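One structure below.
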Amino acid sequence: MSPVPQARRETLRGVLPKVAELLQKRRANEIDDEVIDDLVSLYWLEWVGGSLQLTTTGKNVCRQLLE
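In this note's numbering, each residue carries its 1-based index in the sequence shown increased by 3.
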């Protein structure tokens with residue numbers, strides 16, 4: 004995977020709380036595939052047993068945004 008450009012990274016930071024909410028509600032199918040790919044490449048999301056979940060880094064980024 005290629006590195007995620009800084010501008011795209013900032014956009015992803017902005018949508019991460021919504022992504023976390025959709026995952027919590029088991030509605031991952033509503034998340035754009037490109038967003039998933041980029042979040043996985045940033046190590047903010049990971050696949051575990053066929054399911055997506057926030058990584059520790061993803062949880063920390065989300066927490067920082069909500070403070």
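Don't be surprised by glycine CBs; every beta carbon is placed ideally from N, CA and C. Remember, it's a predicted structure, so these values are computed and weren't measured experimentally.
### Query
According to DSSP, what are the bridge partners of residue 56?
49
According to DSSP, simplified to helix, strand and coil, what is residue 35? coil
Worksheet item: Rounded to the nearest angstrom, how far is the Cβ of residue 33 from that of residue 25, given a contact under 8 Å?
Response: 5 Å
| Within 10 angstroms of its Cβ, does residue 19 collect 16 or more other Cβ (buried), or is it exposed? | buried
Best match in 66, 60, 63, 54 for proximity to residue 29 [C-alpha to C-alpha]: 54
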